[in-house]
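Chemist: Convert by adding 14 to the 1-based position in the sequence shown; the result is the number in the numbering used here.
Using N, Cα and C, we set each Cβ at its ideal position, and we do this for glycine too.
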Amino acid sequence: MTWDEPEGAVMADVVNLDALLLREDFLATEGVDAGSQGKTAIFETDLRKGEMFLSTLRKPDFQRETAAWSPNTIRDFVEAFVEGELIPAVICWQSPSRLSFVIDGAHRLSAIIAWLTDDYGDGDNSVKFYDNNIPAEQRRLADKTKQLINETIGKYADFRAAASNPGSNPALELKARALAHAQIPLLWVKGSDSKKAEKAFLTINQKATVIDPTELKILNDRFKPNAIVARSIVRNATGFRYWATFSEQTITKIEVTSKEIYRLLYKPELNQPIRSIDLPVAGHGYGSQTLPLIFDFVNISNGIAVTDVSRSKGPKLKLAEHTPPVEEDTLRVLGATVKIARMFTGDHPSSLGLHPAVYFYSSNGRHQPTAVLAMAQFVKDLLDQNKLLDFCAARSRMESFLVSHKMYINQLTSKYGSMTKGFRHIRDYFWFIFEHAHAGKNESKIEAALADHERFQILVKEKPILTKKAKAFSADAKQLKLINDTLASSLTCAYCDAKIDSKSMHLDHAKEKADGGLGVTENAEWAHPYCDSTYKTYKASLVSG
């Protein structure tokens with residue numbers, strides 16, 4: 015096994031070690047000559063809390079999160095270090111201010127620091143770094159890693175105790191003595207030019223890493239407003255503050271609004287298998303797909319072209335212009351993003367209150383991120399084309415069809431691909447169903463129209479048939495039963511007759527207060543916020559007109 019990092023494969027379970035090495039501006043600052051040669055190896059003692067060498071270690075501010083290793087990978091590396099196996103060198107560059115920037119090896123160093131501090135994403139450093147806003151999934155993976163390492167290697171504190179109390183644990187005492195000689199080789203990039211050092215970082219990481227194409231684009235666009243906004247949302251405005259150079263007023267605006275967007279998209283936290291249909295719009299708030307999903311959501315909300323970067327020929331990390339981001343542009347991008355997020359869910363007057371179980375989860379309870387991007391584009395199209403009221407009029411019929419034919423989203427994703435590859439096809443499918451529902455067609459007529467459509471007829475022809483031979487209930491069958499039964503009993507809007515999600519429940523006066531309506535249950539009815547603020551007036555005007 016090699017320790018080149020980070021590993022290219024997208025892993026289902028990745029541990030967040032990003033808090034363990036601080037980030038810093040990579041640009042050269044005043045000080046002594048940069049590019050000096052430092053020590054030739056890193057020992058366990060160099061990485062203890064409070065040690066001077068650790069205090070000099072930094073990651074470049076543009077480096078992606080140190081969150082690409084699985085629990086097993088971390089365990090295997092720590093074990094290799096403890097047992098004195100050969101480990102590839104970490105490469106650093108010394109800045110004019112005598113900071114040691116890690117050019118290659120952040121995961122390796124962070125894994126050792128995690129063991130020394132017992133912090134695998136939920137310890138003291140991580141709690142402080144993320145302002146105590148650590149997702150449940152991140153905590154779960156931290157616990158999993160901790161248990162794995164404690165069972166196979168042992169706690170670092172136990173090694174220290176064995177060394178401090180000779181004879182108390184001879185076997186562990188022997189390992190502790192060996193640990194004193196364990197080391198990671200250290201090489202240094204020569205030269206004082208920070209641009210050359212940055213180029214070395216990009217070259218090394220590009221060769222050693224197969225980076226997700228969307229993440230690669232974010233790295234290349236790291237000083238642009240959409241990248242800054244995406245990062246601020248993904249980490250709930252915690253962690254490294256890519257917006258720290260802005261004015262205090264703008265910083266506050268970014269952090270407050272980013273937290274609102276995070277809450278709208280990722281609360282309540284997703285637990286699987288699902289036990290209720292009180293679900294988050296965007297699925298897990300932690301994982302390899304989170305940043306790409308939010309980056310594309312931001313782009314769609316702002317009308318920025320979303321391209322399938324996986325088809326680009328030989329995408330490369332590149333040197334970015336070190337031009338400070340523009341506050342006004344960043345706030346504009348953030349404002350457009352929160353506008354669409356508020357239309358998705360929540361209690362803002364513009365909220366359509368889209369039910370996650372209707373739009374963003376398959377029949378077996380799995381989250382569908384491609385459908386989130388498709389719906390973001392669909393909602394923006396409705397807004398741009400002034401068709402929100404038409405959507406409300408057709409919404410109940412449209413959603414009824416979507417729930418009864420959830421397999422069609424799966425088929426489209428399988429045919430065209432996920433995320434940027436397939437979201438436009440699902441958006442077009444949403445438009446097809448909406449237009450036919452708005453024309454008054456029922457479910458059977460919509461399916462007949464799909465069967466006659468050159469592009470969508472494959473959905474009907476290749477519709478999967480669920481087996482009815484199994485005697486035991488499968489996990490998928492249980493999830494399908496839960497979703498169907500709970501949706502069937504869900505509250506419906508008094509004005510559009512579509513399902514109401516718990517995050518968008520608005521209690522309205524059937525007889526308006528201005529007309530003498532009282533705040534009693536007999537005069538109460540549930541509505542989507544947008545239906546209450548806008549659609550009910552439009553609907554009443556049609557009746558009176």
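(1) Short of 8 Å in beta carbon distance, which residues of its chain neighbour tryptophan 540, apart from the five on each side in sequence? Order them along the chain.
(2) Since proline 543 contacts proline 363 with CB under 8 Å, what's their CB separation in whole angstroms?
(3) Check whether the Cβ atoms of glutamate 457 and serine 503 sit closer than 8 Å, and answer yes or no.
(4) Could you spell out where the beta strand (DSSP E) holding isoleucine 198 opens and where it closes?
(5) Mind checking which residues open and close the beta strand (DSSP E) that includes arginine 560?
(6) Taking only the alpha-carbon atoms, compute the straight-line gap between lysine 238 and valine 320 and give it to the nearest angstrom.
(7) On the criterion of 16 or more Cβ atoms from any shown chain inside 10 Å, does glutamate 566 qualify as buried, or is it exposed?
(8) Taking the CB atoms as reference points, tell me whether valine 96 and alanine 196 lie closer together than 8 Å.
(9) Is the beta carbon of valine 203 closer than 8 Å to that of tryptophan 107?
(10) Just tell me which of Ala55, Leu113 and Lys63 has its CA closest to the CA of lysine 73.
(11) Tell me which residue opens and which closes the beta strand (DSSP E) that isoleucine 117 is part of.
(12) Evaluate contact between the stretch 160 to 171 and the stretch 303 to 314, counting only Cβ atoms and requiring at least three cross-stretch pairs below 8 Å.
(13) Exposed or buried, what is serine 290 when buried is set at 16 or more other beta-carbons lying within 10 Å of its beta-carbon?
(14) Just the Cα atoms here: how many angstroms apart are alanine 245 and phenylalanine 309?
(15) Among all the DSSP beta bridges, which residues are the ones paired with phenylalanine 29?
(16) Among Asp32, Leu278, Cys510 and Pro287, which has the Cα closest to the Cα of phenylalanine 254?
(17) Starting from the Cα of lysine 394, find the closest Cα among Leu186, Met433 and Lys353 and give me that residue.
(18) Suppose you measure from the CA of arginine 409 to the CA of aspartate 511; what does that come to, to the nearest Å?
(19) Pop quiz: glycine 360 and lysine 158 are said to be a contact at Cβ under 8 Å. What is the actual Cβ separation, rounded to whole angstroms?
(20) Applying the criterion that 16 or more other CB atoms from any shown protein chain within 10 Å of the CB defines a buried residue, is asparagine 146 buried or exposed?
(21) Distance, Cα to Cα, proline 338 vs aspartate 75?
(22) What residue ranges within the stretch 246 to 283 form continuous beta strand (DSSP E) runs of no fewer than 3 residues, ordered along the chain?
(23) Between the C-alpha atoms of leucine 426 and isoleucine 447, what's the straight-line distance to the nearest angstrom?
(24) Taking the beta strand (DSSP E) that valine 104 falls in, what are its first and last residues?
(25) Ordered along the chain, which non-local residues of its own chain (more than five positions away) have a Cβ less than 6 Å from that of phenylalanine 311?
(26) In angstroms, rounded to a whole number, what distance separates the CA positions of phenylalanine 7 and alanine 491?
(27) With three or more beta-carbon pairs closer than 8 Å as the criterion, would you say the stretch 342 to 349 touches the stretch 379 to 390?
(28) Give me, in chain order, the residues of the same chain whose beta-carbon lies closer than 7 Å to that of leucine 293; leave out the 5 immediate sequence neighbours on both sides.
(29) Who pairs with phenylalanine 57 in a beta bridge, going by DSSP?
(30) Using the three-state DSSP reduction, which class does aspartate 292 fall into: helix, strand or coil?
(31) Which of helix, strand or coil does DSSP assign to glutamate 44?
Modeler: Taking the definition as stated:
(1) Position 526 of the sequence shown, counted from the first residue, corresponds to residue 540. Hits under 8 Å: Leu505, Thr506, Cys507, Ala508, Ile514, Met519, His520, Leu521 and Asp522.
(2) Position 529 of the sequence shown holds residue 543. Position 349 of the sequence shown holds residue 363. Indeed they touch by this definition, with Cβ atoms about 5 Å apart.
(3) Walking along the sequence shown from the start, residue 457 turns up at place 443. Walking along the sequence shown from the start, residue 503 turns up at place 489. Not closer than 8 Å, so no.
(4) Position 184 of the sequence shown holds residue 198. Where isoleucine 198 is concerned, the enclosing beta strand (DSSP E) stretches over 197 to 202.
(5) Coverage of the chain is limited to positions 15 through 559, which leaves residue 560 absent and any answer about it impossible.
(6) Residue numbering aside, residue 238 sits at position 224 when the sequence shown is read from its first letter. Residue numbering aside, residue 320 sits at position 306 when the sequence shown is read from its first letter. Lysine 238 and valine 320: Cα-Cα distance of roughly 15 Å.
(7) As displayed, the chain neither begins before 15 nor continues past 559, which places residue 566 out of reach and without an answer.
(8) Translated into positions along the sequence shown, residue 96 becomes position 82. Translated into positions along the sequence shown, residue 196 becomes position 182. Contact flag set, yes.
(9) Mapped onto the sequence shown, residue 107 falls at position 93. Mapped onto the sequence shown, residue 203 falls at position 189. Judged by their CB atoms, tryptophan 107 and valine 203 are nearer to each other than the 8 Å cut-off.
(10) Position 59 of the sequence shown, counted from the first residue, corresponds to residue 73. Minimum Cα distance to lysine 73 is reached at Leu113.
(11) Translated into the one-based positions of the sequence shown, residue 117 becomes position 103. Isoleucine 117 -> beta strand (DSSP E) spans 114 to 118.
(12) Taking a cut-off of 8 Å on C-beta distances, the stretch 160 to 171 does not touch the stretch 303 to 314, as fewer than three cross pairs fall below it.
(13) The residue given as residue 290 occupies position 276 in the sequence shown. So serine 290 ends up on the exposed side.
(14) As a first step, residue 245 must be located in the sequence shown, where it is residue number 231. As a first step, residue 309 must be located in the sequence shown, where it is residue number 295. Before going on, a small fix: residue 245 reads as arginine here, not alanine. Arginine 245 and phenylalanine 309: Cα-Cα distance of roughly 8 Å.
(15) Stepping through the sequence shown from its first residue, residue 29 is reached at position 15. Checking the sequence shown, residue 29 turns out to be valine, not phenylalanine. DSSP lists Trp83 as partners of valine 29.
(16) Position 240 of the sequence shown, counting from 1, holds the residue named residue 254. Nearest option by C-alpha distance: Asp32.
(17) Position 380 of the sequence shown, counting from 1, holds the residue named residue 394. Among Leu186, Met433 and Lys353, the Cα nearest to that of lysine 394 belongs to Lys353.
(18) Sequence index remark: in the sequence shown, residue 409 carries index 395 (1-based). Sequence index remark: in the sequence shown, residue 511 carries index 497 (1-based). Rounded to the nearest angstrom, the two C-alpha atoms are 8 Å apart.
(19) As a working mapping, residue 360 is identified with position 346 in the sequence shown. As a working mapping, residue 158 is identified with position 144 in the sequence shown. Actually they do not touch by this definition, with Cβ atoms about 33 Å apart.
(20) On the sequence shown, position 132 is the one that residue 146 refers to. So asparagine 146 ends up on the exposed side.
(21) Residue mapping note: residue 338 aligns to position 324 of the sequence shown, counting from 1. Residue mapping note: residue 75 aligns to position 61 of the sequence shown, counting from 1. About 13 Å.
(22) none
(23) Translated into positions along the sequence shown, residue 426 becomes position 412. Translated into positions along the sequence shown, residue 447 becomes position 433. Each residue's alpha carbon lies about 14 Å from the other.
(24) Here residue 104 refers to the residue found at position 90 of the sequence shown. Per DSSP, valine 104 belongs to the beta strand (DSSP E) from 104 to 108.
(25) Looking up residue 311 in the sequence shown gives position 297. Correct list, in chain order: Ala390.
(26) Given a span of 15 to 559 for the chain in the structure shown, any question on residue 7 remains unanswerable.
(27) The stretch 342 to 349 and the stretch 379 to 390 do not touch, with fewer than 3 CB-CB distances between them shorter than 8 Å.
(28) Along the sequence shown, one-based indexing puts residue 293 at 279. Leu284, Pro370, Ala371 and Tyr375, listed in sequence order.
(29) Stepping through the sequence shown from its first residue, residue 57 is reached at position 43. Per DSSP, Gln197.
(30) Walking along the sequence shown from the start, residue 292 turns up at place 278. It is coil, neither helix nor strand.
(31) If you number the sequence shown from 1, residue 44 lands on position 30. Annotation note: pLDDT 47 at glutamate 44 (below 50); position unreliable, no value reported.
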